[in-house]
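> Numbering (my numbering), first residue to last: 2 to 295.
A single structure is presented below for examination.
What follows is the structure, given as C-alpha cells:
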C-alpha cells in the first residue's frame, strides 16, 4: 500500500501530461519569435530619435502651458466682481481661444512625452492621430482661404464692425482695435465716421466721449509731449473734414488691413508651411518610436 500511495501522484501527473495518442506533451518554453524575456537593445539611431521626440514634445508642452496660462490670466483679469455682470459673454471672449488652444497643445504634447518616455503604444497612437488631425485642419483652412476669399473678407468686415461696437466692453478688443488703428494709421472700418455707430462715441450719447474717436485715431498721439494725450480725439466727429483730417486719420482700416494682409501673404504662407513641417517631423519621430516599441 505504501508503494502504491507513492506511485499515485507520479502516475496522475504523467496522465495529465500525456496526450490522447499516448505521447508526452512538450514543456512550455519561451519562443523567441513570440516573446522576448530580454528585449533587443535599441540601436543608437533609435535612442537618438527617442530622445529628440521627447524633447520635441517637452518644448510644445511648455508652449501649450504658456498659452493656457495667458488665457486663464486674461479670463480671471476680466472676471466681474461679486454682484456685477460680465461685460462680454464667456463664449465670445477672445481669451477663450487661448485657453482652448493651450489645453489642446498641452494634452497632445503630454501624451507624446509620456508615450515616448514610457514606450506606450496607446499614447503614441493618440499623439499621432492628434497631430495628423491638426495637420489636416490646417491644410483644410488654407484651402478655404484660397477658395472662399470673398466670404472671408465679408466675415472679417463684420468682425471689425463688431469690434467697433464693443470697443469699451472688452479690454482685449479695445487693445486689438487700438493696435490696428495705430500701426496702420487708420480710423474706423470704412472711415472715421464709423465710430458714430458706437453708443459711447455717438454725438447723441452722454459723456465727454460723445462725438469723438479713440485716441488711437489721432495723427499725433503724443501731441509733441512724452505722455500720450488720450483726449486728442474728443469732438472729431463734430468737425469738418479738413479740421478732422488735421487731428485724426480719416481713412478706414478695412482697406488698409486688406492691403497689409496681401503684403504679408508670403510670410503667412511660409509660417504655415513651417508649422506643418514641424508637425510632420514630430509625427515621423513618434512613428519611429512606435515601430521600435511594437
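The beta carbon of each residue, even a glycine, is placed where N, CA and C say it ideally should be.
#1: Residue 269: buried (16+ other C-beta within 10 angstroms of its C-beta) or exposed?
#2: Here's the rule: buried if 16 or more other CB atoms are within 10 angstroms of the residue's CB, otherwise exposed. What is residue 281?
#3: Find out if the Cβ-Cβ distance for the pair residue 72, residue 99 is shorter than 7 angstroms.
#4: By the three-class DSSP mapping on this structure, what secondary structure does residue 164 have?
#5: Count the other CB atoms, across all protein chains shown, that sit within 10 Å of the CB of residue 186; report buried if there are 16 or more and exposed otherwise.
#6: How far does the alpha helix (DSSP H) with residue 296 in it extend, from its first residue to its last?
#7: Does the stretch 165-183 come close enough to the stretch 231-238 that 3 or more CB-CB pairs lie under 8 angstroms?
#8: Since residue 64 and residue 102 are thought to touch, with beta carbons under 8 angstroms apart, how far apart are those beta carbons, to the nearest angstrom?
#9: Could you work out which residue in 194, 150 and 197 is closest to residue 262 when comparing CA atoms only?
#10: Unbroken alpha helix (DSSP H) runs of length 4 or more, entirely within the stretch 168-239: which are they?
#11: CA-CA distance, residue 246 and residue 192?
#12: Pick out whichever of 148, 197 and 158 has its Cα sitting closest to the Cα of residue 256.
#13: Report back the beta-carbon spacing between residue 204 and residue 251 to the nearest angstrom; my notes put them in contact at under 8 angstroms.
#14: With C-beta atoms as the reference, is residue 59 less than 7 angstroms away from residue 114?
#15: Excluding the five sequence neighbours on either side, which residues of its own chain have a C-beta within less than 7 angstroms of the C-beta of residue 62, listed in chain order?
#16: Sorted by chain position, which residues of the same chain lie with C-beta nearer than 8 angstroms to residue 222's C-beta, five sequence neighbours on each side aside?
#17: Grab me the residues of residue 289's own chain with a C-beta within less than 6 angstroms of its C-beta, minus the 5 sequence neighbours each way, in chain order.
#18: Using three-state DSSP, classify residue 1 as helix, strand or coil.
#19: Could you tell me which uninterrupted alpha helix (DSSP H) segments, each at least 4 residues in length, are contained entirely in the stretch 65-150, listed from first to last along the chain?
Reading it off the structure:
#1: Here the question's residue 269 lines up with position 268 in the chain shown. By the Cβ neighbour-count rule, residue 269 is exposed, with fewer than 16 other Cβ atoms within 10 Å of its own.
#2: Your numbering for residue 281 matches position 280 in the chain shown. Flag for residue 281 reads exposed.
#3: Looking up residue 72 in the chain shown gives position 71. Looking up residue 99 in the chain shown gives position 98. Yes. Within cutoff.
#4: Stepping through the chain shown from its first residue, residue 164 is reached at position 163. The answer is helix: DSSP assigns residue 164 an H, G or I state.
#5: Taking the chain shown and counting its residues from 1, one reaches residue 186 at position 185. Exposed.
#6: The structure shown has nothing for residue 296, since the chain only spans 2 to 295.
#7: no
#8: One-based indexing of the chain shown puts residue 64 at position 63. One-based indexing of the chain shown puts residue 102 at position 101. At roughly 10 angstroms, the Cβ-Cβ gap does not stay under 8 angstroms, so residue 64 and residue 102 are not in contact.
#9: The residue you call residue 262 lines up with position 261 of the chain shown. Comparing Cα-Cα distances from residue 262 to each of 194, 150 and 197, the minimum goes to 150.
#10: 172-185
#11: Position 245 of the chain shown, counting from 1, holds the residue named residue 246. Position 191 of the chain shown, counting from 1, holds the residue named residue 192. Cα to Cα, residue 246 sits roughly 11 angstroms from residue 192.
#12: The sequence position of residue 256 within the chain shown is 255, counting from 1. Among 148, 197 and 158, the Cα nearest to that of residue 256 belongs to 158.
#13: The residue labelled residue 204 in the question sits at position 203 within the chain shown. The residue labelled residue 251 in the question sits at position 250 within the chain shown. Actually they are not in contact, since the Cβ atoms of residue 204 and residue 251 sit about 17 angstroms apart, beyond 8 angstroms.
#14: For this step, residue 59 is matched to residue 58 along the chain shown. For this step, residue 114 is matched to residue 113 along the chain shown. Taking 7 angstroms as the Cβ cut-off, residue 59 and residue 114 qualify as a contacting pair.
#15: As a position in the chain shown, residue 62 is number 61, starting the count at 1. Taken in chain order, the residues that qualify are 107, 110, 111 and 114.
#16: As a first step, residue 222 is located in the chain shown; it is residue number 221 there, counting from the start. Only 183, 216, 229, 230 and 233 meet the Cβ criterion.
#17: Numbered from its first residue, the chain shown carries residue 289 at position 288. So the qualifying residues of the chain are 50.
#18: There is simply no residue 1 to check, as the chain begins at 2 and stops at 295 in what is shown.
#19: For the stretch 65-150, the full-length alpha helix (DSSP H) segments reaching 4 residues or more read 96-119 and 122-148 along the chain.
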